[in-house]
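Data block below; observations after.
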Amino acid sequence: MDRKERVTIDCRDSPEANCSLAISGTESEVMECAELHATTKHGMKEPGLRDQLRSMIKREAFSR
Ligand SMILES: [Zn+2]
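Heads up: the sequence shown begins at 359 in this note's numbering, then just goes up one per residue.
And the structure:
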């Protein structure tokens, strides 16, 4: 039983984004979707985008 850790990025954590989307999944899945979402929906494309997204990741406490 090796359950993958699931993480969440919540758009409400981003002050400039008027958006309530939350993305959950493994870290690589979340980063992929969040990058797409941030660039297509929020027009973000600065080089620091991935770092900014990474700082928004929240780890769920269900790993036991
Ligand atoms: Zn959003």
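In this text, a Cβ means the ideal position worked out from N, Cα and C, and glycines have one as well.
Take residue i as the anchor and find which of the options has the nearest alpha-carbon.
i, options, result
"His449", "Asp409, Cys369, Glu363, Lys362", "With the chain covering only 359 through 422, there is no way to say anything about residue 449."
"Arg408", "Ala380, Gly383, Val388", "Val388"
"Gly383", "Ala375, Val365, Ser372, Lys399", "Val365"
"Glu374", "Glu390, Gly401, Ser386, Glu385", "Gly401"
Exposed or buried, what is residue i when buried is set at 16 or more other beta-carbons lying within 10 Å of its beta-carbon?
i, result
"Ala392", "buried"
"Leu411", "buried"
"Thr398", "exposed"
For the alpha helix (DSSP H) holding residue i, just list the boundary residues, first then last.
i, result
"Lys399", "385 to 399"
"Arg408", "407 to 414"
Terminal residues of the continuous beta strand (DSSP E) containing residue i?
i, result
"Asp368", "365 to 368"
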